[in-house]
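Q: For reference, the structure I am asking about is given below.
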Amino acid sequence: MTKNLLTVKDLTMRFGGLLAVNGVNLEVGEKQIVSVIGPNGAGKTTVFNCVSGFYIPSSGSVMFQGKELRGKPGHLIAREGMVRTFQNVRLFKEMTVIENLLVAQHIHAEHNMLKGFFMTPGFKNREQELMDRAAHWLERVGLIEFANREAGNLAYGQQRRLEIARCMVTEPKLLMLDEPAAGLNPNETKALDELIVQLRDEQGISILLIEHDMGLVMGISDQIYVVNQGEPLAEGTPAEIQGNPEVIKAYLGEE
Amino acid sequence: MSRVTSAFVAALITLILGGFLLGLSLTSEGINLVVGPSTPGKITFLFVGVAIVFVLQYFREHVGRFTTHMRSDQRMELPSFLRSSQQQRIWTMFVIIGLLLFPFLSSRGAVDIATLTLIYVMLGLGLNVVVGLAGLLDLGYVGFYAVGAYTYALLNMYFGVSFWVALPIAGGLAALFGFLLGFPVLRLRGDYLAIVTLGFGEIIRILLNNWTDLTGGPNGIARIPKPTLFGLEFSRRPSEEGATTFHEFFGISYSSEYKVIFLYLMALLLVLLTVYVIRRLIRMPIGRAWEALREDEIACRALGLNPTMIKLGAFTIGASFAGFAGSFFAARQGFISPESFTFIESAIILAIVVLGGMGSQLGVILAAIAMTVLPELAREFDEYRMLLFGLMMVLMMIWRPQGLLPMKRPHMELKRD
């Protein structure tokens, strides 16, 4: 068995009396695309929030590259190399496209204020590096011509792609996408599909995906987890999931 | 309610409220105070006011349409000749030269007011980092100003430290206070943060007021020496044996104006430095992070930015400018007491930032000038001065809620080939 990048065990999240997530397990190996699916309100996004440090899970463990990350604040988890997008796109709308990518590289930026004040060559070089990496990723997601536009003025599909680029400039090992295809038209979804596969094959990163678009999920996933009402329902390859009567029942209801 | 009735009711309310204030007067007859009608002039005023309210209420819809019309062309652009960066540079040079020459061409009183204005410009710019750039509402900014002022005053009183040595210490100490306050409170949001900072400002003032042994309490600290120019004093006679005064050194006759001009030029230098530093900050990674944080804190966290540290940076930097301004204030006044650091000062500085258009440096400078110079010009209206001031604020909020010159942040540009 390949070494796991992310191992989530027995994840439970309780909001007061509500058990939102109960005993969910996830395993993401290197260079894998893993999807979490389930009906609306199943607790998929809650799982995401727990894993990425936006909620502190009530119990369970989140191991990433052999490190226990449960309960760590979100920004530290992001620095470990696990970066996420949001269901409703969260760009810095009044900043330009390129600036969005510069902010994302904040931790790599030159923080010595004196160097910044006097604009030393070191400072300028570092800023140029950030700029170059940002430009490289804009090219990859096909937004280079919009670099100096305000991010809020982009079309919805472009905003989605920009959000992915913004994650990629932080050089993550695991990219977590929360419904990236929501609100996209079929062409855009297809482009997204290709982009995700490319990211895995060319960048060697793993992707954890929450998605409703079954075509997308079944087409690209290596492994699928099904969650229903906060409980794990099934796991397996796309073929196994498609044939699983439990899953079909959860999605279509009982006869 | 029909238009006539509603206008009538509004006018009646004005009449009742105004009647007590303007229509009646107290006169003393022997040992008794007698209420009687006031002068015909004031009563005329009252009825004119009532009439205005009636008319405005009657034509309310038209007035409303007029104000929304005023608001619709929102962006007040810089005049075209200021847009290209090279021309901007030339104009900036002109303005700076003008400001340098100003004290030699105008009266002593004007220079004095200008110096005061510059102090407020500096405070406004400093608070602008916290409120305008980082989006943290700080109502206790005057606390850091007080820290700066008292740092110099106390260091001088107890250890004879000179102004130039105390200046960086004051900035540093104010920054330290900013850091210490910011650390626990910056996880609070919006309103809660405002209340805590408000409390902090008051704590500082009350502490200064009550720690009589150290600070002299409400009596304040007097005889704080003025800054020197490389050890040259601006007094008529040297304060101690062996010291040289400015006019003796240059062999010119004594004039008290030198001191005023020197203080003005120093304040100008400090302001220019502040402007430059903040200008650079906006273009540095931390400036970008401030903006991003103001827009979406959650997204920042998801990208590995630590919101608390970034806010703390803004808080600390903002506080240090207040510290510099404070120590300069102490040196200029020669006397400080906790009276100078009441909440109303914080409110004025905040008003400068809001009036100027959050985040915009030029706007803040213009607003600081307006806020300090206008009340001086309006002195002839004496008791109605504050009324006028209030009116101006209300009109401003109706017509330009976004401030005089809303910020247009310099965007980083991707240049290709």
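Residue numbers (the numbering used here), protein chains in the order written: chain A, 1 to 255; chain B, 1001 to 1417. Glycine is no exception: its CB is placed at the ideal position from the N, C-alpha and C atoms. The structure presented is a predicted model; accordingly, all values stated were derived computationally and were not measured.
#1: Mind checking if A:T45 is an interface residue toward chain B, Cβ cutoff 8 Å exclusive?
#2: With 8 Å set as the bound, which would you pick, yes or no: does the beta-carbon of A:A147 sit closer than that to a beta-carbon of chain B?
#3: Can you list the residues of chain B that A:V36 reaches, using a CB-CB cut of under 8 Å?
#4: According to DSSP, is A:Y225 helix, strand or coil?
#5: Using the three-state DSSP reduction, which class does B:D1073 fall into: helix, strand or coil?
#6: Taking 8 Å as the threshold (beta carbon to beta carbon), is B:G988 in contact with chain A?
#7: What's the call for B:T1092, buried or exposed, on a 16-neighbour Cβ count within 10 Å?
#8: Contact criterion: CB-CB distance below 8 Å. Does A:T170 meet it with respect to chain B?
#9: What are the boundary residues of the alpha helix (DSSP H) that includes A:V131?
#10: Any C-beta of chain A sitting closer than 8 Å to the C-beta of B:L1377?
#11: Specify the secondary structure class of A:K249 as computed by DSSP and reduced to three states.
#12: By DSSP, does B:S1162 sit in helix, in strand, or in coil?
#13: Anything in the region 192-206 of chain A with a Cβ closer than 9 Å to a Cβ of chain B? List those residues in chain order, please.
#14: In or out: A:Q159 buried (at least 16 other Cβ within 10 Å) or exposed?
#15: With DSSP as the reference, please indicate the residues paired to B:G1019 in a beta bridge.
#16: Got a sec, what are the start and stop residues for the alpha helix (DSSP H) A:N187 sits in?
#17: Could you check whether the Cβ of B:N1128 sits closer than 8 Å to any Cβ belonging to chain A?
#18: If you count every other CB in all the chains shown that lies within 10 Å of the CB of B:H1062, and 16 or more means buried, which is it?
#19: Alpha carbon to alpha carbon, how far is B:P1184 from A:P57? Give it in angstroms, no decimals.
#20: Taking B:D1296 as the reference, give the member of A:N40, A:F86, A:Q128 and A:I196 with the closest Cα.
#21: Please check the pair B:R1237 and B:T1245, which I expect to be a contact at CB under 8 Å, by giving their CB distance rounded to whole angstroms.
#22: With a threshold of 8 Å on Cβ separation, who are the neighbours of B:D1073 within its own chain once the five nearest residues in sequence on each side are excluded?
#23: Measure the alpha-carbon distance for B:V1034 versus B:L1022 and round it to whole angstroms.
#24: Going along the chain, which unbroken runs of the alpha helix (DSSP H) with 4 or more residues stay wholly within the region 51-97 of chain A?
#25: Does chain A have any CB closer than 8 Å to the CB of B:R1301?
#26: Distance cutoff 8 Å, beta carbons only. Does B:P1285 sit that close to anything in chain A?
#27: Which chain A residues sit within Cβ distance under 7 Å of B:A1292?
#28: Can you pull the chain A residues whose beta carbon is under 7 Å from the beta carbon of B:I1278, in chain order?
#29: Would you please verify whether the beta carbon of B:G1323 is less than 8 Å from any beta carbon of chain A?
#30: Is the beta carbon of A:I220 sitting closer than 8 Å to the one on A:E235?
#31: Only counting runs of 3 or more residues, tell me where the beta strand (DSSP E) segments fall wholly within the region 1231-1264 of chain B, in order along the chain.
#32: Taking 8 Å as the threshold (beta carbon to beta carbon), is B:L1273 in contact with chain A?
#33: Count Cβ pairs between the region 1141-1161 of chain B and the region 1284-1298 of chain B that sit closer than 8 Å; are there 3 or more?
#34: So which residues on chain A does B:I1298 lean against when the C-beta distance must stay under 9 Å?
#35: Could you tell me the distance, in whole angstroms, from the CA atom of A:M176 to the CA atom of A:R84?
#36: So, under 8 Å CB-CB, B:Y1152 and B:F1163 are touching, yes? Tell me the CB distance rounded to an integer number of Å.
A: Well, looking at it:
#1: Position 45 of the first sequence, counted from the start, is the residue given in the question as residue 45 of chain A. Output row for A:T45: interface = no.
#2: Within the first sequence, the letter at position 147 stands for residue 147 of chain A. Under the Cβ criterion of 8 Å, A:A147 is counted among the residues facing chain B.
#3: Taking the first sequence and counting its residues from 1, the one referred to as residue 36 of chain A is at position 36. Correct list: empty, because the minimum Cβ distance to chain B is about 18 Å.
#4: By 1-based counting over the first sequence, the position of residue 225 of chain A is 225. Three-state result, A:Y225: strand.
#5: Position 73 of the second sequence holds residue 1073 of chain B. Note on B:D1073: pLDDT 49, under 50, position unreliable in the model; no value is reported.
#6: Because residue 988 of chain B is not part of the residues shown, which for chain B are 1001 to 1417, the question remains open.
#7: Locating residue 1092 of chain B in the second sequence gives position 92, where the first residue counts as 1. B:T1092 counts as exposed, since fewer than 16 other C-beta atoms from the protein chains shown sit within 10 angstroms of its C-beta.
#8: Taking the first sequence and counting its residues from 1, one reaches residue 170 of chain A at position 170. With 8 Å as the cut-off, A:T170 counts as an interface residue toward chain B.
#9: Translated into the one-based positions of the first sequence, residue 131 of chain A becomes position 131. Correcting the residue identity first, residue 131 of chain A is Met in this sequence and not Val. In the DSSP annotation of this structure, the continuous segment of the alpha helix (DSSP H) that includes A:M131 starts and ends at P121 to R140.
#10: Here residue 1377 of chain B corresponds to residue number 377 of the second sequence, with the count starting at 1. No, B:L1377 does not count as interfacial toward chain A.
#11: Against the first sequence, residue 249 of chain A aligns to sequence position 249. Helix at A:K249.
#12: Sequence index remark: in the second sequence, residue 1162 of chain B carries index 162 (1-based). In this structure, DSSP gives B:S1162 a state outside helix and strand, which the three-state scheme calls coil.
#13: Flagged: no residues at all.
#14: Against the first sequence, residue 159 of chain A aligns to sequence position 159. By the 16-neighbour rule on beta-carbons within 10 angstroms, A:Q159 is buried.
#15: Counted from its first residue, the second sequence places residue 1019 of chain B at position 19. Bridge partners of B:G1019: none, in fact.
#16: Along the first sequence, one-based indexing puts residue 187 of chain A at 187. First-last of the alpha helix (DSSP H) with A:N187: P186 to Q198.
#17: Translated into the one-based positions of the second sequence, residue 1128 of chain B becomes position 128. Closer than 8 Å: no.
#18: Position 62 of the second sequence, counted from the start, is the residue given in the question as residue 1062 of chain B. Exposed is the call here.
#19: The count along the first sequence starts at 1 and reaches residue 57 of chain A at position 57. The count along the second sequence starts at 1 and reaches residue 1184 of chain B at position 184. C-alpha of A:P57 to C-alpha of B:P1184: approximately 24 Å in a straight line.
#20: As a working note, residue 1296 of chain B is residue 296 in the second sequence. Ranked by Cα distance from B:D1296, the first of A:N40, A:F86, A:Q128 and A:I196 is A:F86.
#21: Sequence index remark: in the second sequence, residue 1237 of chain B carries index 237 (1-based). Sequence index remark: in the second sequence, residue 1245 of chain B carries index 245 (1-based). Beta-carbon to beta-carbon, B:R1237 and B:T1245 are separated by about 7 Å, close enough to satisfy the 8 Å threshold.
#22: Position 73 of the second sequence, counted from the first residue, corresponds to residue 1073 of chain B. Residue confidence is low: B:D1073 scores 49 on pLDDT, short of 50, so the model does not pin down where it sits. No coordinate-derived value is stated.
#23: Start at 1 with the first residue of the second sequence, and residue 1034 of chain B comes out as number 34. Start at 1 with the first residue of the second sequence, and residue 1022 of chain B comes out as number 22. In a straight line, the C-alpha of B:V1034 is about 15 Å away from that of B:L1022.
#24: Taking 4 residues as the minimum length, the alpha helix (DSSP H) runs contained wholly in the region 51-97 of chain A are 74-80, in order along the chain.
#25: The residue given as residue 1301 of chain B occupies position 301 in the second sequence. True, the Cβ-Cβ gap to chain A drops below 8 Å.
#26: Working through the second sequence from its first residue, we reach residue 1285 of chain B at position 285. Cβ-Cβ to chain A under 8 Å: yes for B:P1285.
#27: Translated into the one-based positions of the second sequence, residue 1292 of chain B becomes position 292. Those within 7 Å of B:A1292 in chain A are F92, M95 and V103.
#28: The count along the second sequence starts at 1 and reaches residue 1278 of chain B at position 278. Correct list: empty, because the minimum Cβ distance to chain A is about 11 Å.
#29: Residue 1323 of chain B sits at position 323 when you count from the first residue of the second sequence. Not one chain A Cβ lies under 8 Å of B:G1323.
#30: Taking the first sequence and counting its residues from 1, one reaches residue 220 of chain A at position 220. Taking the first sequence and counting its residues from 1, one reaches residue 235 of chain A at position 235. Taking 8 Å as the cut-off, the beta carbon of A:I220 is found no closer than this to the beta carbon of A:E235.
#31: As far as the region 1231-1264 of chain B is concerned, it has no whole beta strand (DSSP E) run of at least 3 residues.
#32: Locating residue 1273 of chain B in the second sequence gives position 273, counting from the first residue. No, because no Cβ of chain A sits closer than 8 Å to the Cβ of B:L1273.
#33: With contact defined as three or more Cβ pairs closer than 8 Å, the region 1141-1161 of chain B and the region 1284-1298 of chain B are not in contact.
#34: Residue mapping note: residue 1298 of chain B aligns to position 298 of the second sequence, counting from 1. The contact set of B:I1298 on chain A, defined by CB atoms closer than 9 Å, consists of F54, G74, F86 and R90 in chain order.
#35: Locating residue 176 of chain A in the first sequence gives position 176, where the first residue counts as 1. Locating residue 84 of chain A in the first sequence gives position 84, where the first residue counts as 1. Going from the Cα of A:M176 to the Cα of A:R84 covers about 4 Å.
#36: Walking along the second sequence from the start, residue 1152 of chain B turns up at place 152. Walking along the second sequence from the start, residue 1163 of chain B turns up at place 163. Confirmed, Cβ separation roughly 6 Å.
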